[in-house]
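Counting from 0, one number per residue, gives the positions in the sequence shown under numbering that gives the first Met the number 0.
Yeah, the Cβ is synthetic: ideal placement off N, Cα and C, and Gly gets one too.
Reviewing the structure listed below.
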Amino acid sequence: MDFEKELQMATAAAEETIENFLPTEVSFQKPVTDAMNYSVLSGGKRIRPILMAETYKLFALPWEDEKGRTVQIPQNPVLHRFMAGIEFIHNYSLVHDDLPAMDNDDMRRGQETTHKKFGEALGILAGDALLNYAFEMMAKGFETDRICEACMLLGRTNEAEYMKRVAWALSLTAEKAGIHGMIGGQTADVCDEGKDIGKDELLFIYENKTAALIEAAMMDGAILGGASEEDVKKIGEAAGKIGHAFQIRDDLLDEKTEKPGKVTFLTFEGAEKAEARVASLTEEAIAILSSFERSNDFLLELTYRLMSREK
Ligand code: GRG
Numbered sequence: 000m001d002f003e004k005e006l007q008m009a010t011a012a013a014e015e016t017i018e019n020f021l022p023t024e025v026s027f028q029k030p031v032t033d034a035m036n037y038s039v040l041s042g043g044k045r046i047r048p049i050l051m052a053e054t055y056k057l058f059a060l061p062w063e064d065e066k067g068r069t070v071q072i073p074q075n076p077v078l079h080r081f082m083a084g085i086e087f088i089h090n091y092s093l094v095h096d097d098l099p100a101m102d103n104d105d106m107r108r109g110q111e112t113t114h115k116k117f118g119e120a121l122g123i124l125a126g127d128a129l130l131n132y133a134f135e136m137m138a139k140g141f142e143t144d145r146i147c148e149a150c151m152l153l154g155r156t157n158e159a160e161y162m163k164r165v166a167w168a169l170s171l172t173a174e175k176a177g178i179h180g181m182i183g184g185q186t187a188d189v190c191d192e193g194k195d196i197g198k199d200e201l202l203f204i205y206e207n208k209t210a211a212l213i214e215a216a217m218m219d220g221a222i223l224g225g226a227s228e229e230d231v232k233k234i235g236e237a238a239g240k241i242g243h244a245f246q247i248r249d250d251l252l253d254e255k256t257e258k259p260g261k262v263t264f265l266t267f268e269g270a271e272k273a274e275a276r277v278a279s280l281t282e283e284a285i286a287i288l289s290s291f292e293r294s295n296d297f298l299l300e301l302t303y304r305l306m307s308r309e310k
């Protein structure tokens, strides 16, 4: 497998899927849709939608188009909505995290942050709008035509059962993005900044601020791909490990630029143990992802590369 080429193709395909759902309104709300588009189109690795599609592929066949060619993103229209939704939620969190009331950052992904470019009010509104719009997109996955098409592509005959899956994915995403997930983790991070927090609180922050959305992405892929409850749970465990390792890798990468006094995994364990923790979490995640009937070598390699990334 030429991993770099596959990753490029997966990123481009995820990008196209996301772009198809961007708002196009040109009436009086244009300032906010411009700010939303600016934030989403400013690059980013698109890791969450890619992980969702690749996890879906662990459980669902076929991955082919009508001409029998292998496709990067399976053609399920419900999956596409959740891929866009998770990236919009991720982008909203970055836009709000950059605001003066939070991290007060001027630059992200090599360009001006959304509030810097459009002003603070539009930064707040664009974040709010991305979160709401994400759920609008995903909820529209319930429309009958989309459910029928998804079932046809998956060779499933029970449309009511697939609707339950969409409801499951929707409520799981809301939970993992909310107070029991990303917002919960961000709250602890913001409110206890500068305090002498313990390792238990730091791990709570990692589990919720970073890992929860990765869990939602991968578990949604499994749910929409038809995985059993037990398998969705296993995917959640693997994703939790990936999320933790992703954050510790971030700590290692930011070691020199981190704000003075910022408590990270390195504060408790130092760089060497942090590296070892990333390696063991990665191995454990890969072992879980290799335990299913179907294999996805690209997903395994992606997991490995995410943990050894240098930016
Ligand atoms: C404002 C509710 C709210 C939450 C903010 C995402 C976040 C929570 C804070 C950003 C700071 C940070 C280091 C978060 C940890 C997660 C993380 C590493 C985000 C960056 O994700 P990438 O690397 O970003 O996938 P790209 O730019 O590639 O999309």
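So, with DSSP's three-state summary, where would you put residue i?
i       : result
Arg-107 : strand
Asp-69  : In the sequence under discussion, the amino acid at residue 69 is Thr, which differs from the Asp named in the question. In the structure shown, Thr-69 sits in a strand (DSSP, three-state: E or B).
Phe-141 : helix
Pro-48  : helix
Val-165 : helix
Ala-125 : helix
Ile-222 : helix
Gln-28  : coil
Gly-43  : coil
Asp-33  : helix
Taking the alpha helix (DSSP H) that residue i belongs to, which residues open and close that run?
i       : result
Arg-324 : In this structure the chain extends from 0 to 310, so residue 324 is not present and cannot be described.
Ser-92  : 76-96
Gly-242 : 228-252
Lys-4   : 2-18
Leu-272 : Contrary to the premise, residue 272 reads as Lys rather than Leu in this sequence. 264-288 is the span of the alpha helix (DSSP H), which, as asked, contains Lys-272.
Using CA atoms only, rank isn't needed, just tell me which of the options is closest to residue i.
i       : options                           : result
Gly-235 : Asp-191, Asp-249, Ala-216, Asp-64 : Ala-216
Met-368 : Arg-47, Thr-302, Ser-26, Leu-21   : Because the chain is modelled from 0 through 310, residue 368 falls outside the range shown and cannot be assessed.
Leu-121 : Tyr-37, Gln-246, Phe-245, Glu-158 : Tyr-37
Pro-76  : Leu-152, Gly-239, Thr-263         : Leu-152
Phe-297 : Ala-12, Phe-20, Gly-84, Leu-50    : Leu-50
Arg-108 : Asp-102, Gly-180, Leu-93          : Leu-93
Leu-252 : Ile-287, Glu-274, Val-39, Gly-180 : Glu-274
Compute the Euclidean distance between the alpha carbons of residue i and residue j, then round it to the nearest angstrom.
i       : j       : result
Val-31  : Ser-41  : 15 Å
Asp-144 : Met-162 : 12 Å
Ser-227 : Pro-99  : 44 Å
Gly-197 : Ile-241 : 22 Å
Gly-193 : Asn-207 : 19 Å
Gly-67  : Pro-73  : 12 Å
Ile-247 : Ala-128 : 30 Å
Thr-281 : Leu-301 : 11 Å
Gly-312 : Gly-43  : Residue coverage of the chain in this structure runs from 0 to 310, which leaves residue 312 outside it and unanswerable.
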